[in-house]
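The UniProt record's numbering applies: residue 1 is where the sequence shown begins, and numbers increase by one. Think of the CB as a built atom: it goes at the ideal place given N, C-alpha and C, for glycine as much as any other residue. Keep in mind that this is a model prediction, so the values were computed, not measured. Here is the structure we will look at, set down as structure tokens.
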Amino acid sequence: MSFGPLEFPSSSQNTSTNVSNAEQKFSPCFLCKDVYLFPHEQEKCLAHIFEKHQLVISDSHLITDLPKYLSYWKEKFQTNNGNLNEFCTTIKVDVKKDGVLMKDQNFFLLSDVVKEDKDIREKIKQNRLEKVLQQQNEEREDNNYSHGCLFCRQDVGPSRAEFLNHLSSQHNFQLGRPEKIVFFDKFISVIEEKLEKLQCIFCEKLFTDRNVLKEHMRKKGHKRVDPNNEFYDQFYIINYYEPERRWKEKLKPKEKDEEGEEDDECDWSDWEENCEVSIVCLFCDSTFNQWKTIEEHMHLTHQFDYSASTKGMDFYDQVKLVNYIRRQIHLSRCIMCDESKETNASLLEHMGEEKHLVLPPKAMWDQPQYFFPTYENDAFLSQIEDDASDCDNSDLEEALTEITNITQEGLRT
């Protein structure tokens, strides 16, 4: 049984208006005739390639034009009669399917370890960066800009920089420095639409009165966008330079710079604020904003000591374990014996009575399908720390990069 990433209910979920700048386009699978609409069916396409063709595209989230990438490799595989071994690394893993354990199954990994793959990724990235920089330059040089203020409706111009300065100086509304923003008009349009719907820009809660909304944003310090909302990444130029850097920051705990210095180019302090994350318990719907608190909750309420259970595990094993538990709980199935229950309450009762709230055998969760998150915005994953002192998972690390569909948020450049 398989299913795509779910999503925890959240007041900050993207609305239907949150459409990427990427144009919609149809693209076929590079190994068969199945066709997908990008970007909306991108995850569906990747899941198809993984499940149907046993192939993982390493760091697919960092490929700036996946349809173009797929098109390139489709032509390549057609010319070499579909011989994946010529360009892919082979990983042998044990896979459990329909209750049957199949040992030493071959999975292919297409990654930039191969020079040709690295070259096409860099070419696609550079082409996109050039287009984005051209767009930003046109916006910066346009001195005929005029737009009504989002708050006082005064017409502000003649440049986008002046418009941002007005929002900052007159209304304390912070979007960042002009030189860091691109696709400015769409950015403002999205914010304007939210305000017209009486929706907070930061937490995206809806209100019934404009004055109540303004007071909420003032008191809560929500006169800015949420830096953990991945949708807004497309409007900040830094994400087009170093997408991989931002993703790594989302996936792993932040580390202090040894010299205490920050890279000016990567300085987000002009628009980022400390914001609470909602970390959902592995076994129930309880949410917490601190890692220590959720660990205590699981220990006291469910008798599950996460730190003790995962002691010695590296980051990637913990990710697979968490995704496995998430999936089992979502399906109302015991994490130890796989017994199915009608409700979450009866499932927890069963696991408590049978002493099944313990670390499951590795064979149950150490499988390739748990490379991918069960919940797309699972903040639990972003709190994980590597507890292994020495490990060498170079091949698996490439495949596991695919978990960055998390958000945790979230997890985007």
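Inset, instruction - Can you say whether residue 176 is buried or exposed, counting buried as having 16 or more other CB atoms within 10 angstroms of its CB? - result: buried
Inset, instruction - Report the option in 151, 111, 159, 135 whose CA atom is closest to the CA atom of residue 143. - result: 159
Inset, instruction - Could you please give me the residues that DSSP links to residue 224 through a beta bridge? - result: When DSSP reads this structure, residue 224 sits in a beta bridge with 174.
Inset, instruction - Measure the Cβ-Cβ separation of residue 124 and residue 36 and say whether it is below 8 angstroms. - result: no
Inset, instruction - Give the DSSP bridge partners of residue 28, in chain order. - result: 35
Legend entry - Check whether residue 118 and residue 67 have beta carbons under 8 angstroms apart: Not a contact, by the Cβ cut-off of 8 angstroms.
Legend entry - Closest by C-alpha distance to residue 382, when choosing among 308, 291, 364: 291
Legend entry - Beta-carbon gap between residue 88 and residue 62 smaller than 8 angstroms: no
Inset, instruction - For residue 356, name the three-state secondary structure that DSSP assigns. - result: coil
Inset, instruction - Would you identify the three-state DSSP class for residue 279, choosing helix, strand or coil? - result: Residue state, collapsed to three classes: strand.
Inset, instruction - For residue 286, name the three-state secondary structure that DSSP assigns. - result: coil
Legend entry - Backbone CA spacing between residue 207 and residue 196 [nearest angstrom]: 11 angstroms
Legend entry - Beta carbon of residue 365 nearer than 8 angstroms to that of residue 320: In contact: residue 365 and residue 320 (Cβ atoms closer than 8 angstroms).
Inset, instruction - Quick one: give me the first and last residue of the alpha helix (DSSP H) that residue 298 is part of. - result: 291-302
Inset, instruction - Select from 133, 353, 352, 363 the residue whose C-alpha is nearest the C-alpha of residue 101. - result: Closest option to residue 101, Cα to Cα, is 363.
Legend entry - residue 343 to residue 384 span [Cα, whole Å]: Residue 343 and residue 384 have their C-alpha atoms roughly 28 angstroms apart.
Inset, instruction - For residue 318, count neighbouring Cβ atoms within 10 angstroms of its own Cβ and tell me buried if that reaches 16, exposed if not. - result: So residue 318 ends up on the buried side.
Legend entry - Residues of its chain near residue 262, where Cβ-Cβ distance is below 6 angstroms and the 5 sequence neighbours each way are ignored: At residue 262, the pLDDT of 41 sits below 50, so the modelled position is not reliable and the matter cannot be decided from this model.
Inset, instruction - With residue 50 as the anchor, note down where its alpha helix (DSSP H) starts and where it stops. - result: 42-53
Inset, instruction - List the whole-angstrom C-beta distance separating residue 74 from residue 30, where the pair is believed to meet the contact cut-off of C-beta under 8 angstroms. - result: 4 angstroms
Inset, instruction - Label residue 439 either buried or exposed according to how many other C-beta atoms from any shown protein chain fall within 10 Å of its C-beta, with 16 as the threshold for buried. - result: The first residue shown for the chain is 1 and the last is 413, placing residue 439 beyond what the model contains.
Inset, instruction - Measure the C-alpha to C-alpha separation of residue 239 and residue 228 and round it to an integer number of angstroms. - result: Using only the alpha carbons, I get a separation of about 13 angstroms.
Inset, instruction - Specify, as a first and last residue, the run of the beta strand (DSSP E) that residue 103 falls within. - result: Per DSSP, residue 103 belongs to the beta strand (DSSP E) from 100-110.
Inset, instruction - Could you check what DSSP says for residue 11 in three-state terms: helix, strand or coil? - result: A caution first: residue 11 carries a pLDDT of 41, below 50, which makes its placement in the model unreliable, though a value can still be read off. Three-state result, residue 11: coil.
Inset, instruction - Identify, in the order they occur along the chain, each residue of the same chain with its Cβ nearer than 7 angstroms to the Cβ of residue 50, setting aside the five sequence neighbours on each side. - result: 56
Legend entry - Own chain partners of residue 257 with C-beta closer than 6 angstroms, once the 5 adjacent residues on each side are dropped: Bear in mind that the predicted position of residue 257 carries a pLDDT of just 42, short of 50, making it too unreliable to give a figure here.
Legend entry - Alpha-carbon spacing of residue 236 relative to residue 327, whole angstroms: 34 angstroms
Legend entry - 8 angstroms Cβ cutoff met for residue 307 and residue 295: yes
Inset, instruction - Taking residue 348 and residue 281 to be in contact with their CB atoms under 8 angstroms, please state how far apart those CB atoms are, rounded to whole angstroms. - result: Actually they do not touch by this definition, with Cβ atoms about 11 angstroms apart.
Inset, instruction - Determine the burial state of residue 192: buried for a count of at least 16 other Cβ atoms within 10 Å of its Cβ, exposed for fewer. - result: By the neighbour-count rule (16 or more Cβ atoms within 10 Å), residue 192 is not buried but exposed.
Legend entry - Terminal residues of the alpha helix (DSSP H) in which residue 309 lies: 306-309
Inset, instruction - Using 10 angstroms around the beta-carbon of residue 136, count the other beta-carbons present and answer buried if the total reaches 16, otherwise exposed. - result: buried
Inset, instruction - Give the range of the alpha helix (DSSP H) segment to which residue 120 is assigned. - result: 115-141
Inset, instruction - To the nearest angstrom, report how far apart residue 221 and residue 214 are at their CA atoms. - result: 10 angstroms
Legend entry - Pairwise C-alpha distance: residue 112 and residue 121: Between residue 121 and residue 112, the C-alpha separation is close to 8 angstroms.
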